[in-house]
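Protein chains in written order, with the numbering used here: chain C, 4 to 256; chain Z, 5 to 301.
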């Protein structure tokens, strides 16, 4: 082959130290995928390509430096050796400035992000605290109202005892306090809270109309035994009708 | 020690190069202390004149940059008296001055040359490898060189091209930083003589930049032509779909043309009609309002 002939004519037989050439594959990277086959490097993938060049250079360096050391060719520049560099100091300054500015920009953006995150978190915490305070206030007021209504004679809420079991209230011996308000009133309190929902509390809805649980047949027809066993049936429960009441009123005037 | 290996490389260019090429040339001159510079060569001279120029400067190697059409850059690497030469198309040039390349090296320090194992597999690549070694390696004990080895040139073959990179060796454990410059060489031909002679090898994968540009233009033109053709076909289809109906003689039977009126020429202007305001008809503004309501409904 003409090429081979030419090559053989052209080739110089120099000592390696003159040429310093190394032919090597790449440094095997534990992270690299596949069998690090050279053909797998996609030339369009810039990062992969540059990494392959880098690894090749690394392999060459790792191979050559020991040889050079053996041949006593210095590879490390001593710190007091000052000589002209390929790039001027001005150039290096520019490079350093650019790197610094890039880093600063990154840091600034990181700080801004963190600040934003912290503000969000802070706001969340704030709202939680406010809600908790409102809840506590509400509980306190309820406890105070209960005491005012006479349901509980204990002033436990002042000690900020959160765990007040409801059963303790009923344990007191006094009947009057035990019953407290009327059964009807108690029912309404239970349903709507203390001093609570006024509007819409008396509605003739289908459910309330069909709810006959509070119907006592003996009471309605005045049939059952009186409460005290005496003849005072009418007195407590039977309220005269509207006409009778009006007559009473006009008669009283 | 004594400087024995007398290699001298002449680096110069033709006229019509742009700033990037000029900087690349300067960078190569700084990196290679065994190089010599020369003035720009006129393009009307033929290439074998370069051999004479080299002889005058006492150089035995040459790197010649040639710019064509102010767009394409070609590089010749040659061993001047009689040896082989090669022509490349240079692409993707990045110079030393780019701020992304942060490494630095001593001016004139000797480089380590690193080659791809693919260089040993083909005879033309082996020849190129020898050429690169002889040109790019700084001779030992060269008066302008520094004795340290602190940077490495890599030549890699990827995608049928030769990629050149220059790295600075920072640590002994082979941590590297790129210094630059960097470029990509696309081999065109290898000649037996210097800047001439019989062709030893021609790269089958090489496509000249003119061809490349032409292909792009052709593809664009082909797209346009295709669109036009499609349009024309559509036109024909539209025309052709009309079925020709025969004339029906029975159609005309019932036609009775109207009586001809005598032509009356008006010589006097007709009386103008009195303008009567129609109170029933809503005024313009009100009509507009009605329209608006109607629209919003």
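We treat Cβ as the ideally placed atom computed from N, Cα and C, and that holds for glycine.
Cβ of residue i less than 7 Å from any chain Z Cβ?
i                      : result
residue 46 of chain C  : yes
residue 98 of chain C  : yes
residue 61 of chain C  : yes
residue 87 of chain C  : yes
residue 39 of chain C  : Interpretation of residue 39 of chain C is limited by its pLDDT of 48, a score under 50 that renders its predicted location unreliable; the figure taken from the coordinates is listed afterwards. Chain Z contact via Cβ: absent.
residue 56 of chain C  : yes
residue 90 of chain C  : yes
residue 147 of chain C : no
residue 244 of chain C : no
residue 65 of chain C  : yes
residue 109 of chain C : no
residue 70 of chain C  : no
residue 77 of chain C  : yes
Kindly say whether residue i, judged by its beta-carbon, lies nearer than 7 Å to any beta-carbon of chain C.
i                      : result
residue 128 of chain Z : yes
residue 137 of chain Z : yes
residue 213 of chain Z : no
residue 99 of chain Z  : no
residue 58 of chain Z  : no
residue 71 of chain Z  : no
residue 153 of chain Z : yes
residue 18 of chain Z  : no
residue 3 of chain Z   : Shown here, chain Z extends from 5 to 301; a query on residue 3 of chain Z therefore has no answer.
residue 50 of chain Z  : no
residue 41 of chain Z  : no
residue 37 of chain Z  : no
residue 141 of chain Z : yes
residue 95 of chain Z  : no
Per DSSP, what are the beta-bridge partners of residue i in this structure?
i                      : result
residue 113 of chain Z : Z:150
residue 155 of chain Z : Z:115 and Z:172
residue 187 of chain Z : Z:168
residue 57 of chain Z  : DSSP, once it has assigned bridges, lists no residue as partnering residue 57 of chain Z.
residue 69 of chain Z  : Z:17 and Z:79
residue 91 of chain Z  : Z:80 and Z:193
residue 98 of chain Z  : Z:186
residue 39 of chain Z  : Z:13
residue 200 of chain Z : Z:197
residue 205 of chain Z : Z:194
residue 180 of chain Z : Z:173
residue 88 of chain C  : Z:110
Cβ atoms of residue j and residue i: under 7 Å apart, would you say?
i                      : j                      : result
residue 134 of chain Z : residue 14 of chain C  : yes
residue 63 of chain Z  : residue 91 of chain Z  : no
residue 308 of chain Z : residue 21 of chain C  : Residue 308 of chain Z is absent from the structure shown; chain Z starts at 5 and stops at 301.
residue 31 of chain Z  : residue 185 of chain Z : yes
residue 118 of chain Z : residue 51 of chain C  : no
residue 77 of chain C  : residue 151 of chain Z : yes
residue 172 of chain Z : residue 161 of chain Z : no
residue 67 of chain Z  : residue 24 of chain C  : no
residue 55 of chain Z  : residue 198 of chain Z : yes
residue 33 of chain Z  : residue 21 of chain Z  : no
Would the beta-carbon of residue i be found less than 6 Å away from any heavy atom of the ligand ZN?
i                     : result
residue 38 of chain Z : Looking at this structure, you won't find the ligand ZN or any other ligand, since it has none at all.
Notebook entry, point to check: Taking contact to mean at least 3 C-beta pairs separated by less than 8 Å, is the segment 113 to 129 of chain Z in contact with the segment 148 to 161 of chain Z?
Noted result: yes
Next item on the list: Would you list, in chain order, the members of the segment 7 to 29 of chain C that have their beta-carbon closer than 7 Å to a beta-carbon of chain Z?
Entry: Along the segment 7 to 29 of chain C, the positions whose C-beta sits under 7 Å from a C-beta of chain Z are 7, 9, 10, 13, 14, 15, 17, 20, 21, 22, 23, 24, 25, 26, 27 and 28, read in chain order.
Check: What residues in the segment 117 to 129 of chain C bring their beta carbon closer than 7 Å to a beta carbon of chain Z?
Finding: none
Note to self: Short of 7 Å Cβ to Cβ, which residues in the segment 157 to 176 of chain Z face chain C?
What the structure shows: 158, 160, 162, 163, 167, 169, 171, 173 and 176
Next item on the list: Anything in the segment 184 to 211 of chain Z with a Cβ closer than 7 Å to a Cβ of chain C? List those residues in chain order, please.
Entry: 196, 204 and 205
Next item on the list: Select from the segment 74 to 89 of chain Z all residues with a C-beta closer than 8 Å to any C-beta belonging to chain C, and list them in chain order.
Entry: 83, 87 and 88
Next item on the list: Give the residues from the segment 203 to 227 of chain C that approach chain Z closer than 7 Å (Cβ to any Cβ), ordered along the chain.
Entry: none
Item checked: the segment 99 to 109 of chain Z / the segment 92 to 101 of chain C touching (three or more Cβ pairs under 8 Å) -> yes
Notebook entry, point to check: Do the segment 142 to 152 of chain C and the segment 104 to 113 of chain C meet, that is, are 3 or more Cβ pairs less than 8 Å apart?
Noted result: no
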